[in-house]
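Novice: In the UniProt record's numbering, the protein residues as written are 65 to 390. The beta carbon of each residue, even a glycine, is placed where N, CA and C say it ideally should be. As the structure is a prediction and not an experimental result, all values here were calculated from the model. Structure provided below as structure tokens; questions to follow.
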Ligand code: KG4
Ligand code: ZN
């Protein structure tokens, strides 16, 4: 509906994001402030992240309103991420949403962060109908879900330890990459220079015939490989590595990426088979969450979709990573 105007607020992790979206799905604005805490601390420190959200939230929301050329009084409702995420951080967004809702007498819509990652696909692909299969891959989650209807989901698989994004982030840091724009993108770029078949990492959980994931073991394999080659990459950034050392790091990055994604492919192939048995009318395979902005991931999963007669639906990178639109 064109007459509805929603303000969306997201502060579940390290990005402070807001957007204004019209009821018919038209995105009127998107504002985001990303934290660089990851670089300094090698992870998201909740208390520092909370402070950064608190500093940024008013400006980010104002920017989203200004860019959309609307004021709070034009809004129909406020939507805000209520979980899962870091509770200290979520509180900043929820507090802001409640303040606006109270002053302007608006309803609040609480949004599940992973549901948002899945359903944003319906904004960009208007033909995406239920039921569909979704793979949601981010820094904290690795989910395979059969979406039967709005709010009706069957979880087919999840991670038993780490999510793939966490593995990318740690591997990138250990390889001494410049992770100011995120570990995932940095590792993807370096992997382009490497030989993906040069190091034999083991594909996780091959003997488990289910749809669950595990990335902790692969992370350890990367760490041990780095240590066994005496790379000391935490201390020596890749910018000051020798040519030979750089090539070795690129080989590790490319081999890691090949196996990390092969693990996704294994589980997705099985999930597609399970899902089609449960709902033979499935036409689409949705891939979303921060890691879905990776080109290699998209290409490999597109292959799985095509092989099974499904169409891959993956939002543009700006809607795969955390944002206010979803
Ligand atoms: O969905 P998201 O923005 O936040 C969470 O909900 O966690 O996902 C962030 C994760 C991070 O681990 C980041 O390194 C990863 O997504 N990521 C990528 C790429 N872009 C973001 N991983 C691999 N390749 C990328 N191009
Ligand atoms: Zn996310």
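With residue 68 and residue 140 assumed to form a contact (beta carbons below 8 angstroms), what rounded beta-carbon distance in angstroms separates them?
Specialist: Locating residue 68 in the chain shown gives position 4, counting from the first residue. Locating residue 140 in the chain shown gives position 76, counting from the first residue. Taking the Cβ atoms as the reference, residue 68 lies roughly 5 angstroms from residue 140, within the contact range of under 8 angstroms.
Novice: If you draw a straight line from the C-alpha of residue 175 to the C-alpha of residue 162, how long is it?
Specialist: Numbered from 1 along the chain shown, position 111 holds the residue referred to as residue 175. Numbered from 1 along the chain shown, position 98 holds the residue referred to as residue 162. Rounded to the nearest angstrom, the two C-alpha atoms are 14 angstroms apart.
Novice: Hey, residue 165 and residue 142 are a contact pair by Cβ (cut 8 angstroms); roughly how many whole angstroms apart?
Specialist: Here residue 165 refers to the residue found at position 101 of the chain shown. Here residue 142 refers to the residue found at position 78 of the chain shown. With a Cβ gap of about 5 angstroms, residue 165 and residue 142 count as contacting.
Novice: Any chance the CB of residue 203 is under 7 angstroms from a heavy atom of ligand 1?
Specialist: Here the question's residue 203 lines up with position 139 in the chain shown. Under cutoff, so the answer is yes.
Novice: Please name the residue or residues paired with residue 97 in a DSSP beta bridge.
Specialist: Position 33 of the chain shown holds residue 97. Residue 97 pairs with 80.
Novice: Under 7 angstroms from any heavy atom of ligand 1, does the C-beta of residue 386 make it?
Specialist: The residue labelled residue 386 in the question sits at position 322 within the chain shown. Annotation for residue 386 indicates a beta carbon within 7 angstroms of some heavy atom of ligand 1.
Novice: To the nearest whole angstrom, what separates the beta carbons of residue 250 and residue 282, a pair I think is in contact under 8 angstroms?
Specialist: For this step, residue 250 is matched to residue 186 along the chain shown. For this step, residue 282 is matched to residue 218 along the chain shown. Actually they do not touch by this definition, with Cβ atoms about 18 angstroms apart.
Novice: Give, in chain order, every unbroken run of the alpha helix (DSSP H) that is at least 4 residues long and sits entirely within the region 286-361.
Specialist: You should have 307-342.
Novice: With a threshold of 7 angstroms (Cβ to nearest heavy atom), would residue 226 be considered close to ligand 1?
Specialist: Sequence index remark: in the chain shown, residue 226 carries index 162 (1-based). Checking the Cβ of residue 226 against ligand 1 gives no.
Novice: Taking residue 255 as the reference, which of 370, 92, 358 has the closest Cα?
Specialist: Here residue 255 refers to the residue found at position 191 of the chain shown. Residue 358 is the option with its Cα nearest to residue 255.
Novice: Touching or not, the region 173-193 and the region 331-341, by the rule of three or more beta carbon pairs under 8 angstroms?
Specialist: no
Novice: CA-CA distance, residue 347 and residue 289?
Specialist: Translated into positions along the chain shown, residue 347 becomes position 283. Translated into positions along the chain shown, residue 289 becomes position 225. So the two alpha carbons sit approximately 41 angstroms from each other.
Novice: Compute the Euclidean distance between the alpha carbons of residue 362 and residue 330, then round it to the nearest angstrom.
Specialist: Taking the chain shown and counting its residues from 1, the one referred to as residue 362 is at position 298. Taking the chain shown and counting its residues from 1, the one referred to as residue 330 is at position 266. Between the alpha carbons of residue 362 and residue 330 lies a distance of about 15 angstroms.
Novice: Who does residue 223 pair with in a DSSP beta bridge?
Specialist: Against the chain shown, residue 223 aligns to sequence position 159. Its beta-bridge partners are 277.
Novice: Any heavy atom of ligand 1 closer than 7 angstroms to the CB of residue 353?
Specialist: Position 289 of the chain shown holds residue 353. Yes, ligand 1 has a heavy atom inside 7 angstroms of this Cβ.
Novice: Determine the burial state of residue 214: buried for a count of at least 16 other Cβ atoms within 10 Å of its Cβ, exposed for fewer.
Specialist: Translated into positions along the chain shown, residue 214 becomes position 150. When all chains shown are included, residue 214 counts as exposed.
Novice: The alpha helix (DSSP H) that contains residue 164, what's its start and end?
Specialist: Locating residue 164 in the chain shown gives position 100, where the first residue counts as 1. Note, residue 164: alpha helix (DSSP H), 151-168.
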